[in-house]
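S.K.: Sharing a structure here in structure tokens format.
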Amino acid sequence: MKMEHYYQPEIECASREQIKAWQDERLVAQVRHLWEHVPYYRKKMEEKGVTLDDVQSSADLQKLPFMTKTDLRDAYPYGLLAKPLSECVRIHSTSGTTGKRVVAFYTQHDIDLWEDCCARAIVAAGGSKEDVCQVSYGYGLFTGGAGLNGGAHKVGCLTVPISSGNTERQIMFLKDLNATILCCTPSYAAFLGETMKEMGMAPDQIPLKAGIFGAEAWSEEMRHDIEATLGIKAYDIYGLTELSGPGVAFECSAQCGMHINEDHFIAEIIDPDTGEVLPEGEKGELVFTSITKEAFPMVRYRTRDICVLSREKCSCGRTHVKMHKPMGRSDDMLIIRGVNVFPSQIETVLLNHGYSANYQIIVDRVKATDTLDIHVEMTPEIFTDNLGEISRRQKELADGMRSMLGLSAKVTLVAPKSIVRSEGKAVRVIDRRKI
Ligand code: DLL
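Just add 1313 to the spot in the sequence shown (first one is 1) and you have my numbering.
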């Protein structure tokens, strides 16, 4: 029999005291588990002069050392494994392009908890067993396909494991199978919307009602665009391979920040330069501690994602802390002529001026000075070959960039469809500087 619901109010709407009690108990157990089974992490604790006795509750979290991607690379592949391999049933791996890939391990219990988190996300987006859920995230080593697939099964949706790519087939299935929920990266969702339009299909020709989009940064403006072209509500979902995958945090009906599954993860915001924990509401680097994972626990893992946490009461009734949309990764942040620039700021200017999120940022260094070139596609609606008009619009965008970034940029409008589309995470920055 299919499951009726996957909403867990006794957990998702628990009191702060209850959440803290879970976190206290689970953190102590998690740190003991690492101390006993992961010599690499025990050594890090010893180097910081911390013993098991120092960790009695979540208030002691700050005493513990951080873990970073460098630790994962140093310990690659088995050095952070906290369970015998015979108890592990799967790995996933990051799509990173530099250095060694990160390999994360899962026991069956880890997979169950991860899929629970994804199921919560689908239910929060209005999903139930009546829905047809098309999972267009990549399947394989990437966690997107497997995570949402598992969550959709738990909810009892009819799951369409189509993976990414073959855009016309995606649209055919959306239409023929009456898919109601779409899961993919926001850039792929935008591309699907664009292709539908080209095929002459209006949003009301497909019954899609919601999208669960994540794995990359996307702006509010892009959300509005996708909602209009696909005729849906677009919900954000966040996660990373090191912590299991998608579903660490997800958006609810309020569509304003993502609830972090605090029964599984403790979140902190730190100053990325000093490592100091920042007061609530301040912007900084997100740090996570997993408190229920068996095979690959992470304590104080530095995500490099920059965002803000908020404990304001949510209209959906959930009590778990919310993270605002990450405004980019600290390692995505470009420093151009000394000014910090996030690609998301550039995207905001473009979308506010009626352009789509098809753009490329090219940074170079010419005669010791950084240059910022932004190539922006004209949409078919605003396409023109009138040179005077093109140069007027380029100037308008360059002015918008100057007031948003405090920096001059060269903006070039290019023909519709001339910037290559991505089926997964979009590549928007090309940094040619040799620093
Ligand atoms: O991207 C997991 C995932 C799959 C999340 C599907 C959501 C949906 P990784 O490939 O390990 O895992 O990349 C993790 O992606 O540190 C963020 O920088 C970025 N990221 C993930 N979700 C969001 C989001 C998956 N909603 C890295 N908004 C993270 C902004 C996101 N950035």
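All C-beta atoms, glycine included, are put in the ideal place defined by N, C-alpha and C.
Tell me whether the stretch 1445–1454 and the stretch 1491–1510 touch, counting them as touching only if at least three CB pairs, one residue from each stretch, are closer than 8 Å.
M.R.: When Cβ pairs closer than 8 Å are counted between the two stretches, the stretch 1445–1454 is seen to touch the stretch 1491–1510, the count reaching three or more.
S.K.: If we call anything under 8 Å between Cβ atoms a contact, is Leu1556 one with Ser1623?
M.R.: no
S.K.: Measuring only the C-alpha atoms, how far is Ala1722 from Glu1534?
M.R.: 21 Å
S.K.: Measuring straight from C-alpha to C-alpha, what distance separates Leu1487 and Gly1362?
M.R.: Looking at the backbone, the Cα of Leu1487 and that of Gly1362 are separated by about 56 Å.
S.K.: Three-state secondary structure (DSSP) at Tyr1672?
M.R.: strand
S.K.: Taking Cβ positions, are Ile1579 and Glu1598 nearer each other than 8 Å?
M.R.: no
S.K.: Quick check on Met1509 - is its C-beta less than 8 Å from some C-beta in chain C?
M.R.: Considering every chain present, this structure includes no chain C. It has just one protein chain.
S.K.: Please go through the same chain and pick out, in chain order, the residues whose beta-carbon is closer than 7 Å to the beta-carbon of Pro1499, but skip the five residues on each side of it.
M.R.: Phe1526, Glu1529, Trp1531, Met1535 and Ile1539
S.K.: Using the three-state DSSP reduction, which class does Glu1529 fall into: helix, strand or coil?
M.R.: coil
S.K.: How about Ile1619 and Met1640: do their beta carbons lie closer than 8 Å?
M.R.: yes
S.K.: Can you check whether the CB of Ile1424 is closer than 8 Å to the CB of Ala1465?
M.R.: no
S.K.: Verify the contact flag: Tyr1353, CB atom, against every heavy atom of the ligand DLL, threshold strictly below 7 Å.
M.R.: no
S.K.: If we call anything under 8 Å between Cβ atoms a contact, is Tyr1548 one with Gly1524?
M.R.: Contact flag set, yes.
S.K.: Relative to the C-alpha of Ile1484, which candidate in Phe1455, His1577, Met1611 and Met1512 has its C-alpha closest?
M.R.: Met1512
S.K.: In angstroms with no decimal places, state the Cα-to-Cα distance between Thr1632 and Pro1693.
M.R.: 44 Å
S.K.: Quick one: measure Cβ to Cβ for Cys1497 and Tyr1450, integer angstroms, because I've assumed they're closer than 8 Å.
M.R.: 6 Å
S.K.: For Phe1504, is the classification buried or exposed, using 16 other Cβ atoms within 10 angstroms of its Cβ as the cut-off for buried?
M.R.: buried
S.K.: What number of angstroms, rounded off, separates the C-alpha of Asp1744 from the C-alpha of Ile1675?
M.R.: 6 Å
S.K.: What separation, rounded to the nearest whole angstrom, lies between the Cα atoms of Gly1558 and Phe1418?
M.R.: 11 Å
S.K.: Going by CA-CA distance only, name the one from Gly1667, Tyr1389, Thr1508 and Gln1707 that's closest to Glu1736.
M.R.: Thr1508
S.K.: Tell whether a beta-carbon distance below 8 Å holds between Leu1385 and Met1358.
M.R.: With contacts defined by Cβ atoms closer than 8 Å, Leu1385 and Met1358 do not form a contacting pair.
S.K.: Quick one: residues in its chain with C-beta nearer than 6 Å to the C-beta of Arg1617, no 5 flanking neighbours on either side, listed in chain order?
M.R.: Arg1642, Ser1643 and Asp1644
S.K.: Tell me whether Ser1657 sits in a helix, a strand or coil according to DSSP, three-state version.
M.R.: helix
S.K.: Return the CA-CA distance between Arg1705 and Ala1681, expressed in angstroms with no decimal places.
M.R.: 29 Å
S.K.: If I follow the unbroken beta strand (DSSP E) through Pro1559, where does it start and stop?
M.R.: Gly1558 to Glu1564
S.K.: By Cβ distance, which residues of its chain are closer than 6 Å to Thr1542, with the 5 residues on each side in sequence left out?
M.R.: Gly1506
S.K.: Can you tell me whether DSSP reads Gln1321 as helix, strand or coil?
M.R.: Gln1321: coil per DSSP, three-state reduction.
S.K.: Is Ile1550 close to the ligand DLL? I mean its beta-carbon at under 7 Å from any heavy atom of the ligand.
M.R.: The ligand DLL has a heavy atom closer than 7 Å to the beta-carbon of Ile1550.
S.K.: Residues bridged to Tyr1391 by DSSP?
M.R.: Per DSSP, none; premise fails for Tyr1391.
S.K.: Looking at the strands, I want to know which residues DSSP matches up with Gln1447.
M.R.: The partner list for Gln1447 (beta bridge, DSSP) reads Val1473 and Leu1495.
S.K.: For the ligand DLL, I want to know if Lys1606 counts as a neighbour, meaning its beta carbon is within less than 7 Å of at least one of the ligand's heavy atoms.
M.R.: no
S.K.: Exposed or buried, which one is Pro1610 when buried takes at least 16 other CB atoms within 10 Å?
M.R.: buried
S.K.: DSSP state of Phe1578, grouped into three classes?
M.R.: strand
S.K.: Please report the residue range of the beta strand (DSSP E) in which Thr1725 lies.
M.R.: Lys1723 to Val1727
S.K.: For Arg1345, which of Gln1331, Glu1330, Glu1323 and Ser1370 has the nearest alpha-carbon?
M.R.: Ser1370
S.K.: Alpha carbons only, please: which of Thr1661, Cys1629, His1637 and Arg1746 is nearest the one belonging to Leu1685?
M.R.: Scanning Thr1661, Cys1629, His1637 and Arg1746 for the CA closest to the CA of Leu1685 turns up Arg1746.
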